[in-house]
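Down below is the structure, laid out as structure tokens.
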Amino acid sequence: MFDFLIKYRGIFVVLFVLPASMIFKAYMGSRHRLIFFLNSAPDKHDERVQKVQQQVKDWQEKTGGKVPMCTARPGWQAMSLKQGNYKKTHYQVDVSLMDILSIDREKGTVRVEPMANMGQISSLLKPLGLSLAVVPELDALTVGGLINGFGIESSSHKYGLFQHICTSLEIVTADGELVKCSPEENSELFYAIPWSYGSLGFLVCAEIKIVPSKDVVHITYIPYTEKQAFVDRFAEESLKPFDEAYDFIEGLVYSEQEAVLMLGNFVDTVPAGKTKNALNNFWKPWFYEHVRNLLTKGTEQEEYVPLRHYYHRHTRSFFWEMEQIIPFGNSTWFRYLLGWMSPPEISLIKLTETEAIHELYDTHHMDQDFLLPLSTLDQSLSYFHQEVDFYPLWICPMRVFDTPIRGMVNPLRNEQMFVDVGIYGEPNIANYIAKDTTRKLEAFMREIGGFQALYADTYQTREELREMFDHTLLDKLRAETGALKAFPEPYDKVSRAART
Ligand SMILES: Cc1cc2nc3c(=O)[nH]c(=O)nc-3n(C[C@H](O)[C@H](O)[C@H](O)COP(=O)(O)OP(=O)(O)OC[C@H]3O[C@@H](n4cnc5c(N)ncnc54)[C@H](O)[C@@H]3O)c2cc1C
Numbered sequence: 002m003f004d005f006l007i008k009y010r011g012i013f014v015v016l017f018v019l020p021a022s023m024i025f026k027a028y029m030g031s032r033h034r035l036i037f038f039l040n041s042a043p044d045k046h047d048e049r050v051q052k053v054q055q056q057v058k059d060w061q062e063k064t065g066g067k068v069p070m071c072t073a074r075p076g077w078q079a080m081s082l083k084q085g086n087y088k089k090t091h092y093q094v095d096v097s098l099m100d101i102l103s104i105d106r107e108k109g110t111v112r113v114e115p116m117a118n119m120g121q122i123s124s125l126l127k128p129l130g131l132s133l134a135v136v137p138e139l140d141a142l143t144v145g146g147l148i149n150g151f152g153i154e155s156s157s158h159k160y161g162l163f164q165h166i167c168t169s170l171e172i173v174t175a176d177g178e179l180v181k182c183s184p185e186e187n188s189e190l191f192y193a194i195p196w197s198y199g200s201l202g203f204l205v206c207a208e209i210k211i212v213p214s215k216d217v218v219h220i221t222y223i224p225y226t227e228k229q230a231f232v233d234r235f236a237e238e239s240l241k242p243f244d245e246a247y248d249f250i251e252g253l254v255y256s257e258q259e260a261v262l263m264l265g266n267f268v269d270t271v272p273a274g275k276t277k278n279a280l281n282n283f284w285k286p287w288f289y290e291h292v293r294n295l296l297t298k299g300t301e302q303e304e305y306v307p308l309r310h311y312y313h314r315h316t317r318s319f320f321w322e323m324e325q326i327i328p329f330g331n332s333t334w335f336r337y338l339l340g341w342m343s344p345p346e347i348s349l350i351k352l353t354e355t356e357a358i359h360e361l362y363d364t365h366h367m368d369q370d371f372l373l374p375l376s377t378l379d380q381s382l383s384y385f386h387q388e389v390d391f392y393p394l395w396i397c398p399m400r401v402f403d404t405p406i407r408g409m410v411n412p413l414r415n416e417q418m419f420v421d422v423g424i425y426g427e428p429n430i431a432n433y434i435a436k437d438t439t440r441k442l443e444a445f446m447r448e449i450g451g452f453q454a455l456y457a458d459t460y461q462t463r464e465e466l467r468e469m470f471d472h473t474l475l476d477k478l479r480a481e482t483g484a485l486k487a488f489p490e491p492y493d494k495v496s497r498a499a500r501t
């Protein structure tokens, strides 16, 4: 049965999900544009916030504050892999504010509403020669989800996670009050919101750092056939001071010893005699396969990539997940004939997954991002090889800033440079059981002072999650702002038991 599902799922996706995705994207795109067009009015932002405040007050009256609240966004639309059970029982508040409110060039910030997404913000900023300092890969990722959850990109060694590029936040708390916070004002709240998963209130506005951008990224690909050499150079580049560091750093690990380090810089133009590679054209090979080919050449390579193609280089293949969904998706015939329909919509893939597919994923699959101290990268890669044995791995450095007030991510050691290691695929170890292996890796993370990205399945107990993520500040503020009964705590939204 499982073999049948693996073999024919690609055909089902190509025949049904890809065309449906085209219609869905066109519909959602026009709906989004229509809603945006009808509602887009930065000067109406205050009115929209008042509506959120009114809904919270109605919740008090209607439920006596006894049923916790959550956002009304359906679980299947979110990027998290599973849908939260809590959506069925909690009081839903519509927070679908999606406007870009203003750009302050002098201050270097953009003010946006929480449902504004990466695609929308980068399309607006790009013609102005600007960009968010951290642009997470998928266009559909929302500001609200990236701040209350987590968001990373290959510029995170300089700027940190998406939450670190926020300069001020506004939330509606359990009593319907609008509270603004920043490092200077209500600073405890400001540092408690990242990773809080909506457990403090509804985010209604964020001010985010923007940086000057250029049209092209020059990438240098450095192949390694020895793990230690790759880890050493990766660490050296990641730890360089801000002004000396490359704009973008990323690694792809292809086997126990083989890896490619990618170092990128913004450039104005492509020098004469050099060619631009528009990586995301539908007939081009998937990015990680393109890089794998460079590895086989054995020497340093370089190329010039248009900015948007760089930012979304893993989107067509969802890193390497697409191979599991459409096994023939990178074949030349498929790319030329049907590649223009790719990628399928993640929300539709989630909607069309049957129980059998979920079971299949539980026995054959792993989707995790582990955030670990850079000094443990070598040891961690060896541990992942022993316990999972899956390649490629995504390796991306990220800075955890030493903020005056520590929130959920409170590094054990005095180390600020971390690495996101992404494991997305079918482990090769014998008798793999997702829960058992994931629990081992979670325990390893707690031991080395690492963290788990919580969009993925976490099998930790409440106590273990609390050991990994410091809840001291969150608990204090939840008690002070009346959030304890108004919003579920992160565990009750992200644990495997809370998600279907
Ligand atoms: C296939 C896939 C690819 C991914 N690729 C990347 C990637 O390239 N880079 C990256 O950084 N991450 C990536 N992620 C992970 C992603 O960052 C998280 O899922 C993130 O939380 C984004 O979520 P979302 O916009 O769908 O928000 P949601 O999942 O809707 O929200 C996340 C949490 O934030 C809360 N929340 C959302 N809006 C509000 C609000 N207004 N007020 C209060 N609480 C709110 C929600 O209740 C929820 O608990 C990927 C995930 C998947 C499944």
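Using the numbering used here, read the sequence shown as starting at 2 and increasing by one per residue.
Here a beta-carbon is modelled for each residue, glycine too, at the ideal position from N, C-alpha and C.
For residue i, the residue or residues it bridges with in DSSP
i	result
residue 249	265
residue 368	425
residue 203	173
residue 219	266, 305
residue 496	459
residue 208	112, 169
residue 254	260, 394
residue 213	131
residue 180	172
residue 224	261
Test item: CB-CB of residue i and residue j under 8 Å
i	j	result
residue 215	residue 249	no
residue 102	residue 113	yes
residue 120	residue 328	no
residue 134	residue 104	no
residue 416	residue 374	yes
residue 317	residue 284	no
residue 184	residue 144	no
residue 408	residue 195	yes
residue 447	residue 465	yes
residue 502	residue 497	A question about residue 502 goes unanswered here, because the residues of the chain that appear run from 2 up to 501.
residue 425	residue 368	yes
residue 265	residue 218	yes
residue 492	residue 392	no
residue 237	residue 246	no
residue 161	residue 410	no
residue 211	residue 132	yes
residue 80	residue 141	yes
residue 108	residue 243	no
Any chain C beta carbon closer than 8 Å to residue i
i	result
residue 101	Protein chains in the displayed structure number just one, and chain C is not present.
>> For a minimum of 3 consecutive residues, which ranges assigned as the beta strand (DSSP E) are wholly contained in the segment 371-452?
In response: Complete beta strand (DSSP E) runs here, min 3: 394-400, 418-426.
>> Quick check: the segment 314-329 against the segment 338-356, are at least 3 beta-carbon pairs closer than 8 Å?
In response: Between the segment 338-356 and the segment 314-329 there are three or more inter-stretch CB-CB distances shorter than 8 Å, so the stretches are counted as touching.
> Touch check for the segment 433-440 and the segment 453-468: three-plus C-beta pairs under 8 Å?
Replying inline: As far as the Cβ criterion goes, the segment 433-440 touches the segment 453-468, which means the pair count is three or higher.
> In the segment 62-148, which residue ranges form an unbroken alpha helix (DSSP H) of at least 4 residues, counting only runs that do not cross its ends?
Replying inline: Counting whole runs of 4 or more residues, the segment 62-148 contains the alpha helix (DSSP H) stretches 87-90, 119-126.
>> Within 8 Å, do at least three Cβ pairs link the segment 301-310 to the segment 271-282?
In response: With the cut-off at 8 Å, the segment 271-282 and the segment 301-310 touch.
>> Across the segment 199-206 and the segment 223-236, are there enough close Cβ pairs to call them in contact, namely three or more that are closer than 8 Å?
In response: Touching, no, given that fewer than three Cβ pairs across the two stretches are closer than 8 Å.
>> For the structure I just gave you, are there three or more beta carbon pairs, one from the segment 411-431 and one from the segment 184-203, closer than 8 Å?
In response: By the C-beta criterion, the segment 411-431 is judged not to be in contact with the segment 184-203, since fewer than 3 inter-stretch pairs fall below 8 Å.
> Is the segment 126-142 in contact with the segment 185-192, if contact means three or more CB pairs nearer than 8 Å?
Replying inline: With a cut-off of 8 Å, the segment 185-192 and the segment 126-142 do not count as touching, because too few Cβ pairs lie within range.
>> Check whether the segment 443-452 and the segment 374-381 are in contact - that is, three or more C-beta pairs closer than 8 Å.
In response: Yes, since at least three Cβ pairs between the segment 443-452 and the segment 374-381 fall closer than 8 Å, the two stretches touch.
> Hey, is the segment 67-75 in contact with the segment 43-52, meaning 3+ C-beta pairs nearer than 8 Å?
Replying inline: Result no; under three Cβ-Cβ pairs closer than 8 Å.
>> For the pair the segment 384-402 and the segment 355-366, tell me if three or more CB-CB distances fall below 8 Å.
In response: Touching, no.
>> Any contact between the segment 173-183 and the segment 212-226? By contact I mean 3 or more CB pairs, one from each, below 8 Å.
In response: Contact between the segment 173-183 and the segment 212-226 is absent: fewer than three C-beta pairs spanning the two stretches fall below 8 Å.
>> Quick check on the DSSP output: what are the complete alpha helix (DSSP H) runs of length 4 or more inside the segment 271-342, in order along the chain?
In response: Whole alpha helix (DSSP H) segments, 4+ residues: 288-298, 308-312, 323-326, 333-339.
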